[in-house]
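Asker: One structure is given below, represented as structure tokens, and several questions about it will come after.
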Amino acid sequence: MAGGTRLLEERGLGLVARRHPFLGGSREPWDTSAQREDDRGHRRERSEPFHVMHLSKIRRDRPTCPGPVARRNLARQEPPARNATGDKPMRRFTPVLLAATLACGDPAPSEPADLVLLGGRVITLDADSRVAEALAVRGPHVAAVGTNAEIEALAGPATRRIDLAGRAVTPGLMDAHVHFASGGQSMLYTLDLSYPNVESIAEVQAAVAGQAERLGDGEWVRGRGWDEGKLAELRYILASDLDEVVPDRPVWLSHTMGHYGVANSLALDMAGVTADTPDPPGGTIDRDADGRPTGVLKESAQGLVSRLIPGLGPDEQRAGIRALADAFNAECMTGGKDPGIGPRVWEAYRDMQEAGDLSVRIFALWRGRNGTIDEVRGYADSLATFTRPYESTGDDHLIAGGVKLYIDGSGGARTAWLYEDWNRDHTDTDTGNRGYPTMDPDELRRRFRAYHDAGLHVSIHSIGDRAIDWTVDSFREALEATPTRGLRHGVIHSNIPTDRALDLMAELQRDWQTGYPEPSPTFTWWIGDTYAGNFGPERALRLNPFRSYQERGMIWASGSDYSVTPFPARYGVWASVARQPLLGVYGEQPYGTAESVDVETSLRSFTTWVAHQMFLEDKVGTIEPGKYADLAVWDRDPLTVLTGELRDMTCEMTVFNGDVVYERAGG
């Protein structure tokens, strides 16, 4: 075990970060003599001068620079010229040049900074991967980045000075796929059955019984987060298990993946679910050998029971959003893409924004509409009047960005759409089960076309290889019929793309700025044991193929899918490198390491490239003058620690929009 872990740590630190076309050209691998690890396994960095970059005071009557035009042009920028040796020269941002480039006022700062961070390692993640000593913040923006002396010169009597004492600063981490509003509500108002809170069905029973005793008469027991892959019995929770402890009130426990759950017998009776109830379209009622419902309901079948559960009111919705925003800030996180919301959630977000109580940036995707194709087209046209990702609601805190659709189910429920049969227990076969599409694929393609033709950004949930092929083919066909560059359609999860899909996504990114994977790296960790058992040994090796993306010059935006997996992005940064499951039920490395990437690339997938998929890449995602000061201060440097330490990093401070929104006590 030790030898295998050491190999991973060396691999995680030794991989060379390649330049993507999105970052402005290609880069030759760094000189290996400047990147070798020392005897303690720490990487030695190149030493390069970092010249101060300034931003003049932003005038409040001006739009933030650069604006939408610069943003649209960013992906088309030409690579910088190379010198006679073939090396790309480091950009030197003098104050005058920067001001000319951004057209943002006077060539030098005219007022002292509000905040300066000194004496650390400022990992800018800019196009040249520069690391500085210090930075200055004025108002909501980064004012300058440079040496300690240069930044100290920008401070005044009222400036707050923070001594980093060698700690690292990165852009605030973001999440490309987080069920933010619903996840916050679940965090506050449902019973947490995640590991290690429960590790056996007996512990689930005890927790459910305890919750029932705390509730009023007739109230539902609602739980979340269980995963059979983490239970000692390695099986589903069944209605019979719940009936033993709570027979007299309805119970619904949602699986951690959200694509299936379990009800007790009373809840099934209330829903009218019997042995004679047919599976609904796009769903499965799990049954025993005699055809009786076991209590487990998958995909759309969950709605048979969940529709009976009373909803939460506006106050509870806002409280959930506030709670998760605070938790995000405590993990050095400053934004996310919330997929599949409805009008009530949007109103909750707007209320919080108007109250100045939203300490994260939210890019919301509307739920796709059911109905006739004419109704869907009408819905798409109505959304298009106010769903424009280049136009926020005023302060770049809240953006109505597009639409989310589903083509298939999940890897946990074995309902995702595959070309070959699912596995069971890693090597057994779930004969005849290749999953299924959520609805008729041709009808869903027509619906996607309606949104595309209306000029809307669309991200499509696509887990299985057949589903991913369908999604990227749909993108291509829509672009052939209605050529629209820059909609940045996303492939949510994109678990096991075929080589054909990989090549087509690379082509779509290059030619149309579309076809961007939005994966969840923590799937190989938090639900990695269940996933390994269901995908099997061959498919597991190509799950989350980040190296294959990188080799094709692609970018991808990573997320947690919270509350499917824990939301702290540091876990995803680690999982992109390590690819190790939580418990190792089917071995320590069922996913291999061939698709691992280096730490810097992983960080970009949670910062720069999430900003790209939120249409905010000229405003956040890197630490550069003119961008919003969304910053993360860590207790250690992610670029130099051993791989295993990445998930243990501690957030010391979070700055959002120039304001300190979190400070660790005693930090």
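Under the numbering used here, the residue at position 597 of the sequence shown is numbered 771, and the numbers go up by one with no gaps. Here a beta-carbon is modelled for each residue, glycine too, at the ideal position from N, C-alpha and C.
1) Quick one: what does DSSP say Tyr836 is sitting in, helix, strand or coil?
2) Identify, in the order they occur along the chain, each residue of the same chain with its Cβ nearer than 7 Å to the Cβ of Ala475, setting aside the five sequence neighbours on each side.
3) Are the stretch 630-639 and the stretch 566-582 in contact at 8 Å, needing three or more beta carbon pairs?
4) Quick one: what's got a C-beta closer than 7 Å to Gly514's C-beta in the same chain, skipping five residues either side?
5) The alpha helix (DSSP H) spanning Trp644 covers which residue range?
6) Label Ala463 either buried or exposed according to how many other C-beta atoms from any shown protein chain fall within 10 Å of its C-beta, with 16 as the threshold for buried.
7) Could you pull out every unbroken alpha helix (DSSP H) segment of at least 4 residues lying fully inside the stretch 341-413, listed in chain order?
8) At the level of alpha carbons, what is the spacing between Ser556 and Ala574?
9) Report yes or no: do the stretch 686-693 and the stretch 718-731 share at least 3 C-beta pairs separated by less than 8 Å?
10) Near Leu299, which residues of its chain fall below 8 Å by C-beta distance, leaving aside the five closest residues on each side in sequence?
11) Give the secondary structure of Asp555 by DSSP, where H, G and I count as helix, E and B as strand, and everything else as coil.
12) Excluding the 5 residues preceding and the 5 following Ala768 in the sequence, name in chain order all residues of the same chain whose CB lies nearer than 8 Å to its CB.
13) Since Ala892 and Pro799 should fall inside the 8 Å C-beta cutoff, what is the C-beta to C-beta distance between them, to a whole number of angstroms?
14) Counting only the same chain and skipping the five closest in sequence on each side, list residues whose C-beta sits under 6 Å from that of Gly840.
15) According to DSSP, simplified to helix, strand and coil, what is Pro452?
16) Smallest Cα separation from Ala342: which of Glu837, Phe830, Leu813?
17) Among Ser668, His667, Phe649, Asn669, whose alpha-carbon lies nearest the alpha-carbon of Gly660?
18) Going by C-alpha to C-alpha distance, which of Gly313, Leu338, Ala310, Ala329 sits closest to Gly293?
19) Work out the CA separation of Ser284 and Leu365 for me, nearest whole Å.
20) Candidates Ile483, Pro370, Gln359, Asp417: which alpha carbon is nearest Glu393's?
21) Does DSSP put Asp602 in a helix, in a strand, or in coil?
22) With DSSP collapsed to three states, give me the class of Glu184.
23) Rounded C-beta distance between Arg887 and Trp426? I'm assuming under 8 Å.
24) In whole angstroms, what separates the C-alpha of Ser200 from that of Trp686?
25) Pull up the distance between the alpha-carbon of Asn607 and that of Ala587, whole angstroms please.
26) In whole angstroms, what separates the C-alpha of Arg481 from that of Ser356?
27) Residue range of the alpha helix (DSSP H) that Met526 falls in?
28) Can you tell which of Asn503, Asp604, Val665 has the C-alpha that lies nearest to the C-alpha of Asp639?
29) Taking the alpha carbon of Asp627 as the reference point, which residue from His429, Asp602, Asp616, Glu654 has its own alpha carbon closest?
30) Using only the alpha-carbon positions, how far apart do Tyr760 and Ala706 sit?
31) Return the residue from the list Glu324, Pro517, Leu717 that minimises the CA-CA distance to Arg753.
32) With 16 other CB atoms within 10 Å as the buried threshold, where does Gly733 fall?
Answerer: Based on what the coordinates show:
1) For Tyr836, the secondary structure class from DSSP, reduced to helix, strand or coil, is strand.
2) Asp453, Pro454, Gly457, Thr458, Ile459
3) yes
4) Leu539, Arg541, Lys578
5) 639-655
6) exposed
7) 354-363, 375-388
8) 13 Å
9) Taking a cut-off of 8 Å for Cβ pairs, the stretch 686-693 and the stretch 718-731 touch, as three or more such pairs fall below it.
10) Same-chain partners within the cutoff: Thr344, Pro345, Glu774, Leu777, Arg778, Thr781, Thr782, Gly795, Thr796, Ile797.
11) helix
12) Leu715, Arg721
13) Residue 892 lies beyond the stretch modelled for the chain, which goes from 175 to 841, so this question has no answer here.
14) none
15) Here DSSP, grouped into helix, strand and coil, assigns Pro452 to coil.
16) Leu813
17) Per the C-alpha coordinates, the member of Ser668, His667, Phe649, Asn669 positioned closest to Gly660 is Phe649.
18) Taking only the C-alpha atoms, the option nearest Gly293 is Leu338.
19) 53 Å
20) Measuring C-alpha to C-alpha distances from Glu393 to each of Ile483, Pro370, Gln359, Asp417 identifies Ile483 as the nearest.
21) strand
22) Annotation note: pLDDT 26 at Glu184 (below 50); position unreliable, no value reported.
23) The structure shown does not extend to residue 887, since the chain spans only 175 to 841, so no value can be given for it.
24) Any answer about Ser200 is weak, because its pLDDT of 29 lies below 50 and its placement is not dependable; what the coordinates show is given next. If I take the Cα positions, the gap works out to 20 Å.
25) 11 Å
26) In this model, Arg481 and Ser356 are separated by some 15 Å (Cα to Cα).
27) It spans 517-528 - the alpha helix (DSSP H) in which Met526 sits, taken as one unbroken run.
28) Val665
29) The option with the nearest alpha carbon to Asp627 is Glu654.
30) 7 Å
31) Checking every option, the nearest Cα to that of Arg753 belongs to Leu717.
32) By the C-beta density criterion, Gly733 is buried, having at least 16 other C-beta atoms within 10 angstroms.
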